[in-house]
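Numbering (the numbering used here), first residue to last: 1056 to 1339. Where is the CB? At the ideal position from N, CA and C, for every residue including glycine. Predicted, not measured: the structure shown is a model, and the values here were computed from it. Right, one structure below, let's go through it.
Below, the structure written as C-alpha cells:
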C-alpha cells in the first residue's frame, strides 16, 4: 500500500517558538492540575516514571490515582504529588470528580482488564483531554468530544487496536497512523524510530529526535507523563503533544553524546530535561 500523506517534520525552531512562557505573576493554578491514573502493586515503577515526566513538564500540580502499595513506594521519591488511593476503582465507580483537571493520563502500569476499561469509559465521558497508554489501549470506538483523546501505542499495541499487521505497519507508519487517527477521531503518537504523530484532522508529523537508547522499559511511561504535563501548560494542545515527543527524544540524544545507548535508564530522561528545555528557551 502506497502512502499518500503529507508528512511534515517538527523542527527545533518550531519547538523553541511554541514552548510556553511562564509569567512572573503566575501561580500553580495557572498551569493546572493533572490526574495520572497509573501503577499497580506489581508495576509501581510505571506510575513513578510517568509522574516524574509530568512534574518536570510544566504542570502546576499532580494528583496520582493508584493503589496504596504504590503510594508507599512513590511518596519519598516524589513528595510534590498528592494521591487518590485505590484510584482506578474510584474512577471506574465514578466516585472521584474529574472535570476539574486540566488533563488526564491513564494506563502506565495498569492491567488491560474490565476495571481499567470502566475507568477509561468514565474519563472519556468527561470534558478533559485524555491520554491513553499501555493498559488503557484496547480496541474500541470513540465518540466525538471537544477535548482531544491521545493514544500512545508502540507498533504491537497499534496492531492490537487496529488489526493492522505489524510488518505491514512498519513499512508505512505515517500512512496507517493518519488513516486510523481520522477513522477513530483521535490523535495517535506511534512510538518508534522517528515517532509519528497523527492528528484526527489529517495532519501528520515525523519526529527528528531519539535513538536506540529509548528501546528500554519505562521510557514510554516517561513520555506519557511528559505529554500530560505539557498539555497543562501549553495553550495549543497540538504543540504540547509535538513538543513532548520532541523533548523526550532530545533527552535520549543528549545522553548518547557522552554515554552508551545501552546504559540509559528511563528515569534519567527527566534528569536531562531541565537543561535541554532551558537551552531551547535561550535560543528563541
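Beta-carbon proximity check, residue i vs residue j, cutoff 9 angstroms
i: residue 1098; j: residue 1165; result: yes
i: residue 1110; j: residue 1257; result: no
i: residue 1271; j: residue 1321; result: yes
i: residue 1268; j: residue 1207; result: no
i: residue 1236; j: residue 1265; result: no
i: residue 1089; j: residue 1287; result: yes
i: residue 1120; j: residue 1092; result: yes
i: residue 1204; j: residue 1185; result: yes
i: residue 1181; j: residue 1159; result: yes
i: residue 1234; j: residue 1213; result: no
i: residue 1087; j: residue 1116; result: yes
i: residue 1153; j: residue 1183; result: yes
i: residue 1146; j: residue 1178; result: yes
i: residue 1211; j: residue 1221; result: yes
i: residue 1300; j: residue 1061; result: no
i: residue 1263; j: residue 1065; result: yes
i: residue 1277; j: residue 1104; result: yes
i: residue 1302; j: residue 1070; result: yes
i: residue 1335; j: residue 1309; result: no
i: residue 1163; j: residue 1275; result: yes
Residue i: CB within 8 angstroms of a non-hydrogen atom of the ligand ZN
i: residue 1071; result: No copy of the ligand ZN appears in this structure; indeed no ligand is present at all.
For residue j and residue i, the rounded distance between their alpha carbons
i: residue 1027; j: residue 1298; result: Nothing in the structure corresponds to residue 1027, since the chain is present only between 1056 and 1339.
i: residue 1107; j: residue 1223; result: 35 angstroms
i: residue 1161; j: residue 1191; result: 6 angstroms
i: residue 1273; j: residue 1063; result: 28 angstroms
i: residue 1279; j: residue 1157; result: 15 angstroms
i: residue 1327; j: residue 1100; result: 19 angstroms
i: residue 1059; j: residue 1252; result: 16 angstroms
i: residue 1126; j: residue 1112; result: 21 angstroms
i: residue 1289; j: residue 1170; result: 31 angstroms
i: residue 1096; j: residue 1084; result: 31 angstroms
i: residue 1140; j: residue 1173; result: 17 angstroms
i: residue 1056; j: residue 1238; result: For residue 1056, the predicted model reports a pLDDT of 45, less than 50, meaning its position is unreliable and no value from the coordinates is stated.
i: residue 1314; j: residue 1201; result: 44 angstroms
i: residue 1324; j: residue 1333; result: 15 angstroms
i: residue 1329; j: residue 1143; result: 31 angstroms
i: residue 1296; j: residue 1138; result: 25 angstroms
Three-state secondary structure (DSSP) of residue i
i: residue 1057; result: For residue 1057, the predicted model reports a pLDDT of 44, less than 50, meaning its position is unreliable and no value from the coordinates is stated.
i: residue 1250; result: coil
i: residue 1116; result: strand
i: residue 1198; result: coil
i: residue 1121; result: strand
i: residue 1228; result: helix
i: residue 1313; result: coil
i: residue 1276; result: helix
i: residue 1193; result: coil
For residue i, the residue or residues it bridges with in DSSP
i: residue 1169; result: Bridge partners of residue 1169: none, in fact.
i: residue 1267; result: According to DSSP, residue 1267 bridges with nothing at all.
i: residue 1262; result: 1065
i: residue 1206; result: 1187, 1243
i: residue 1161; result: 1092, 1187
Below-9 angstroms beta-carbon distance, residue i vs any chain D residue
i: residue 1309; result: This model lacks chain D altogether, as it is built from one protein chain only.
- Message: Extract the residue ranges of the alpha helix (DSSP H) inside the stretch 1129-1155, only unbroken runs of 4 or more that lie entirely within it.
- Response: 1142-1147
- Message: Threshold first: 4 residues or longer. Then list the alpha helix (DSSP H) segments lying entirely within the stretch 1075-1117, N to C.
- Response: 1099-1110
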